[in-house]
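2 protein chains.
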Amino acid sequence: MEFYLKFVITHSPVQLVSYDRAELKQTLLMSGIYHLPSSPEGRAPVRRKTHPPWLRFHLGISRWELYNRKDPNMAGLTHYLATQRILSAVQKTGGTQLKLLMSFPNYGQALLKPMKQARDAETDGNLFYFSDFERHNAEIAAFHLDRLLGFNRVPPVVGRLINVTSEVREITTDHKLSRTFFTSPAGNVCFYGQCEYYCSLEHPVCGQPHALEVSLAAMLPDLTLAPRRSWRSPWRRSYSRTKLAQWEKDPAYCDTVKQTPPYNHGTRLVDLIDMAILDFLMSNMDRHHYETFEKFGNETFLLHLDNGRAFGRHSRDEPTILTPLKQCCRIRRSTLLRLRLLSLPAGRLSDVMRESLVQDPLAGAAPLLSEPHLSALDRRLAAILQAVQTCQHQHREIIYNDLEGYDGDFNQQPD
Amino acid sequence: MEFYLKFVITHSPVQLVSYDRAELKQTLLMSGIYHLPSSPEGRAPVRRKTHPPWLRFHLGISRWELYNRKDPNMAGLTHYLATQRILSAVQKTGGTQLKLLMSFPNYGQALLKPMKQARDAETDGNLFYFSDFERHNAEIAAFHLDRLLGFNRVPPVVGRLINVTSEVREITTDHKLSRTFFTSPAGNVCFYGQCEYYCSLEHPVCGQPHALEVSLAAMLPDLTLAPRRSWRSPWRRSYSRTKLAQWEKDPAYCDTVKQTPPYNHGTRLVDLIDMAILDFLMSNMDRHHYETFEKFGNETFLLHLDNGRAFGRHSRDEPTILTPLKQCCRIRRSTLLRLRLLSLPAGRLSDVMRESLVQDPLAGAAPLLSEPHLSALDRRLAAILQAVQTCQHQHREIIYNDLEGYDGDFNQQPD
Numbered sequence: 001m002e003f004y005l006k007f008v009i010t011h012s013p014v015q016l017v018s019y020d021r022a023e024l025k026q027t028l029l030m031s032g033i034y035h036l037p038s039s040p041e042g043r044a045p046v047r048r049k050t051h052p053p054w055l056r057f058h059l060g061i062s063r064w065e066l067y068n069r070k071d072p073n074m075a076g077l078t079h080y081l082a083t084q085r086i087l088s089a090v091q092k093t094g095g096t097q098l099k100l101l102m103s104f105p106n107y108g109q110a111l112l113k114p115m116k117q118a119r120d121a122e123t124d125g126n127l128f129y130f131s132d133f134e135r136h137n138a139e140i141a142a143f144h145l146d147r148l149l150g151f152n153r154v155p156p157v158v159g160r161l162i163n164v165t166s167e168v169r170e171i172t173t174d175h176k177l178s179r180t181f182f183t184s185p186a187g188n189v190c191f192y193g194q195c196e197y198y199c200s201l202e203h204p205v206c207g208q209p210h211a212l213e214v215s216l217a218a219m220l221p222d223l224t225l226a227p228r229r230s231w232r233s234p235w236r237r238s239y240s241r242t243k244l245a246q247w248e249k250d251p252a253y254c255d256t257v258k259q260t261p262p263y264n265h266g267t268r269l270v271d272l273i274d275m276a277i278l279d280f281l282m283s284n285m286d287r288h289h290y291e292t293f294e295k296f297g298n299e300t301f302l303l304h305l306d307n308g309r310a311f312g313r314h315s316r317d318e319p320t321i322l323t324p325l326k327q328c329c330r331i332r333r334s335t336l337l338r339l340r341l342l343s344l345p346a347g348r349l350s351d352v353m354r355e356s357l358v359q360d361p362l363a364g365a366a367p368l369l370s371e372p373h374l375s376a377l378d379r380r381l382a383a384i385l386q387a388v389q390t391c392q393h394q395h396r397e398i399i400y401n402d403l404e405g406y407d408g409d410f411n412q413q414p415d
Numbered sequence: 001m002e003f004y005l006k007f008v009i010t011h012s013p014v015q016l017v018s019y020d021r022a023e024l025k026q027t028l029l030m031s032g033i034y035h036l037p038s039s040p041e042g043r044a045p046v047r048r049k050t051h052p053p054w055l056r057f058h059l060g061i062s063r064w065e066l067y068n069r070k071d072p073n074m075a076g077l078t079h080y081l082a083t084q085r086i087l088s089a090v091q092k093t094g095g096t097q098l099k100l101l102m103s104f105p106n107y108g109q110a111l112l113k114p115m116k117q118a119r120d121a122e123t124d125g126n127l128f129y130f131s132d133f134e135r136h137n138a139e140i141a142a143f144h145l146d147r148l149l150g151f152n153r154v155p156p157v158v159g160r161l162i163n164v165t166s167e168v169r170e171i172t173t174d175h176k177l178s179r180t181f182f183t184s185p186a187g188n189v190c191f192y193g194q195c196e197y198y199c200s201l202e203h204p205v206c207g208q209p210h211a212l213e214v215s216l217a218a219m220l221p222d223l224t225l226a227p228r229r230s231w232r233s234p235w236r237r238s239y240s241r242t243k244l245a246q247w248e249k250d251p252a253y254c255d256t257v258k259q260t261p262p263y264n265h266g267t268r269l270v271d272l273i274d275m276a277i278l279d280f281l282m283s284n285m286d287r288h289h290y291e292t293f294e295k296f297g298n299e300t301f302l303l304h305l306d307n308g309r310a311f312g313r314h315s316r317d318e319p320t321i322l323t324p325l326k327q328c329c330r331i332r333r334s335t336l337l338r339l340r341l342l343s344l345p346a347g348r349l350s351d352v353m354r355e356s357l358v359q360d361p362l363a364g365a366a367p368l369l370s371e372p373h374l375s376a377l378d379r380r381l382a383a384i385l386q387a388v389q390t391c392q393h394q395h396r397e398i399i400y401n402d403l404e405g406y407d408g409d410f411n412q413q414p415d
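These protein sequence lines are chains A and B, in that order.
In terms of the UniProt record's numbering, the first sequence opens at residue 1 and continues consecutively.
In terms of the UniProt record's numbering, the second sequence opens at residue 1 and continues consecutively.
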């Protein structure tokens with residue numbers, strides 16, 4: 001991204017990033033496609049139809065959510081990522097498994113995760129969550145699920161069938177990546193890259209012979225331009241084969257958390273519980289950290305990034321993921337209402353997810369989530385509502401009322 | 001092994017190792033089980049019924065074969081390995097994948113290879129042969145197949161269901177091994193050891209929760225006592241993703257080999273072709289080296305060791321494994337006769353193998369080779385006979401007559 005970005009230093013709900021109009025205009029004009037109508041210099045730039053979708057996405061990020069579900073640009077953005085010509089592909093550093101940074105015309109970028117195993121393969125029960133493969137379809141499904149839950153905290157992700165030869169090997173300038181390409185005994189073009197886990201000849205990523213399913217996640221504004229803060233989750237797992245985390249030993253653990261900033265104020269605690277609900281539904285055990293945009297301070301939404309280890313097992317649930325809800329017995333009113341809606345026969349979560357996922361370009365090959373995974377969503381949703389009910393029998397003030405103007409006292413009439 | 005072994009330096013077909021009677025007697029008496037009848041000192045020891053089976057196996061090794069198929073001790077040896085108490089378990093160094101050295105009462109030892117994947121899992125077509133997992137059932141099936149072909153060049157192997165907790169973890173003195181034990185999320189006892197490939201938390205060997213299928217191969221006499229010579233196979237693969245080996249580029253490659261010692265004399269060339277036939281039948285591409293017992297010089301059989309990468313794929317054959325036969329157009333008469341017998345409906349290879357494998361203790365759980373693997377044997381056997389026929393149309397003197405007293409000229413009346 002070669003734009004000059006300046007930050008609007010304010011705490012009111014404004015744009016995360018705003019672009020210097022002169023620079024933006026010049027750069028976009030140089031790209032030969034966009035025309036910016038003249039407007040007074042210095043005024044906060046607005047999103048225009050002529051802006052590329054990724055730019056409109058960045059300009060639309062607010063203090064409260066990553067995107068507005070009704071924003072027509074979202075469909076434009078996923079269409080852009082799914083269809084635009086791939087200009088470059090390099091390895092993305094950070095994290096433990098192979099991922100690529102892809103570039104598109106007009107400076108758009110996306111994070112690519114490749115398909116590494118059969119789409120319906122269940123995670124080996126003898127592997128720890130941190131050893132599990134990342135799944136491209138989990139990244140896609142997590143975006144859809146998060147949106148259906150009304151969170152809008154996962155960057156848009158779309159599936160795409162790429163050609164590993166013409167769209168990676170032949171255009172990459174990343175020598176460390178390109179020298180890991182080879183033709184497999186089965187005649188497929190494969191590569192493995194360089195990374196901490198599973199980047200070896202024994203774990204190749206392979207086309208058939210060139211075609212490879214991948215997920216493409218829209219990139220957030222560059223870290224240098226919109227810095228983020230990383231927070232260690234209070235309910236982080238111990239990441240040890242033998243040691244227990246504090247929350248596993250202390251049933252009253254949440255009492256401590258509730259008194260600790262930033263969880264002692266505002267929505268941070270119920271935001272964390274939202275995240276636990278999302279993770280429990282998709283059985284993601286790997287949420288050791290979460291991020292926020294620094295600019296928005298502590299009063300802002302949590303980014304639900306990096307969902308590749310979700311949807312690994314449908315045959316069992318992982319109750320410990322729900323621990324924040326169970327130990328704190330707090331939940332946003334809007335979240336609870338949404339969950340209840342999604343448990344009704346008319347709008348069952350599995351049905352809504354199936355319908356949503358069918359819009360992804362990869363759904364043509366095979367459903368992005370198999371039926372057992374969709375059923376697991378309904379089963380887990382029931383378990384969450386059950387946990388809320390158990391809380392209601394034991395505590396007062398379970399509901400964090402984030403819906404003003406709603407009639408009736410929710411705490412008194414939970415059902 | 002604490003015995004003192006002395007070598008009978010001779011080139012006549014005698015025992016590979018002979019034991020000093022006094023030492024042997026003392027050691028075995030100390031073990032409290034065996035009694036050796038007195039016999040004149042200095043005379044070459046004979047195998048006695050009172051000797052433990054592994055000792056009788058060692059004493060029975062000849063210049064021409066590793067064991068005699070009709071020797072009743074073979075059943076005793078496999079029974080011994082399959083049932084005797086396991087006294088110790090340590091990692092065996094050398095090679096690239098995890099294997100253990102197991103010890104039994106009376107100084108018997110065996111090489112353990114664990115089950116690492118579902119028994120009927122086919123090798124991923126995108127993996128190179130040298131990245132393939134070793135399979136415990138391949139070790140067992142290779143022993144049976146080699147014996148059925150009349151080679152008797154694979155050390156006896158038997159399957160066993162062991163308890164990884166009581167028979168490995170609790171008795172091992174190998175700290176490098178024991179500290180890799182852990183209980184998996186599924187509640188199974190697992191370990192991964194230390195080795196070059198696949199020894200990591202991402203590739204655990206797991207009991208269910210303690211029971212693990214393994215193969216146990218009888219150990220050969222210790223290298224210090226019966227040294228072996230390792231020979232690089234002339235048809236060795238290049239072990240590179242890109243380079244071709246010389247034999248892949250030169251159709252007349254065998255002409256060179258035939259003029260090169262030791263292939264220019266005796267049975268070495270047809271021994272190599274026997275090995276290629278065995279490897280083609282079980283689709284083992286990993287025969288880069290082979291070994292012989294140094295004591296027997298160049299006029300001796302080839303050991304068919306290390307068959308864990310065989311039987312990886314049943315759905316296709318690997319024609320290049322047969323290259324030595326195709327390029328040299330030579331075959332032992334005894335081998336050809338045996339192959340023809342095994343191609344007849346009355347004694348079909350797949351049927352004989354199924355019958356042989358059912359005797360293994362692990363056959364109770366599931367057949368050691370699935371039906372597709374057994375069918376592949378028949379298909380590959382037909383391909384070998386076809387290759388011989390093609391040779392017979394193009395060359396004279398295809399048959400190496402190792403059967404004296406056989407009537408009729410085989411070369412003239414091939415069918």
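Note that CB positions come from ideal geometry on N, CA and C, so glycine has one too.
Being a predicted model, the structure only gives us computed values, none of them experimental.
Close CB contacts of proline 209/B within its chain, under the 7 Å cut and outside five residues either way in sequence, are with Gly187, Asn188, Val189 (chain order).
Residue state for glycine 95/B is assigned as coil, using DSSP reduced to three classes.
The C-beta of threonine 335/B has 16 or more other C-beta atoms within 10 Å across all chains shown, which makes the residue buried. Nearest C-alpha to alanine 142/B among Arg56/B, Pro227/B, Leu216/B, His288/B: Leu216/B. Chain B has a Cβ within less than 7 Å of the Cβ of asparagine 126/A.
Between histidine 175/B and tyrosine 192/B the beta-carbon gap is near 14 Å, outside 8 Å, which marks them as no contact.
Within the stretch 129 to 145 of chain B, those residues whose Cβ lies closer than 7 Å to any Cβ of chain A are, in chain order, Ser131. Below the 8 Å Cβ cutoff, chain B contributes Gly125, Asn126, Leu127, Phe128 as neighbours of serine 184/A, in chain order. Nearest CB-CB separation between glutamate 202/A and chain B: below the 7 Å threshold.
Residue contact check for cysteine 190/A against chain B: a CB pair falls below 7 Å. Counting only runs that start and end inside the stretch 164 to 195 of chain B, the beta strand (DSSP E) elements of at least 3 residues fall at 189 to 191. Contacts with chain A (Cβ-Cβ distance below 7 Å) from the stretch 227 to 255 of chain B involve Arg241, listed in chain order.
Within the stretch 206 to 221 of chain A, those residues whose Cβ lies closer than 7 Å to any Cβ of chain B are, in chain order, Cys206. In this structure threonine 292/A is not in contact with leucine 281/A, their Cβ atoms being roughly 22 Å apart against a cut-off of 8 Å. Within chain B, the residues Glu202 have their CB atoms less than 8 Å from the CB of tyrosine 197/A, given in chain order. Shortest Cα-Cα distance from lysine 295/A to any of Ile61/A, Pro52/A, His51/A involves Ile61/A.
Non-local beta-carbon contacts of methionine 353/A in its own chain, meaning distances under 8 Å to residues more than five positions away in sequence, involve Ala141, His144, Leu145, Leu148, Leu369, Leu374, Leu377 in chain order. Serine 238/A and leucine 244/A have their C-alpha atoms some 6 Å from each other. Secondary structure remark: continuous alpha helix (DSSP H) runs of at least 4 residues inside the stretch 240 to 294 of chain A, in chain order: 246 to 249, 253 to 258, 268 to 282.
Nearest to glycine 297/B by alpha-carbon distance, out of Pro227/B, Ala363/B, Arg316/B, is Pro227/B. Glutamine 117/A carries a coil assignment under DSSP once its states are collapsed to helix, strand and coil. DSSP places alanine 218/B in the uninterrupted beta strand (DSSP E) bounded by 211 to 218. Contact between tyrosine 67/A and asparagine 152/A holds, with the beta-carbon distance rounding to 5 Å and staying under 8 Å. By the Cβ neighbour-count rule, serine 131/B is buried, with 16 or more other Cβ atoms within 10 Å of its own. The stretch 91 to 101 of chain A makes contact with the stretch 112 to 119 of chain A: 3 or more CB pairs, one atom from each, lie closer than 8 Å. Linking alanine 138/A to serine 200/B through their CA atoms gives a straight-line distance of about 25 Å. Within the stretch 362 to 408 of chain A, the runs of alpha helix (DSSP H) at least 4 residues long that lie entirely inside it are, in chain order, 371 to 394. Here cysteine 206/B is bridged, per DSSP, to Cys190/B.
Annotation note: the stretch 296 to 339 of chain A contains the following uninterrupted alpha helix (DSSP H) runs of length 4 or greater, listed N- to C-terminal: 323 to 328.
Collapsing the DSSP output to three states places alanine 110/B in a strand.
The continuous alpha helix (DSSP H) containing serine 350/A extends over residues 349 to 357. Here the stretch 315 to 323 of chain A makes no contact with the stretch 154 to 163 of chain A; the two share fewer than three CB pairs at distances below 8 Å. In chain order, His144, Arg147, Leu148 place their CB closer than 8 Å to the CB of serine 356/B, counting only its own chain and leaving out the 5 sequence neighbours on each side. In this structure threonine 267/B is buried. Its beta-carbon is surrounded by 16 or more other beta-carbon atoms within 10 angstroms.
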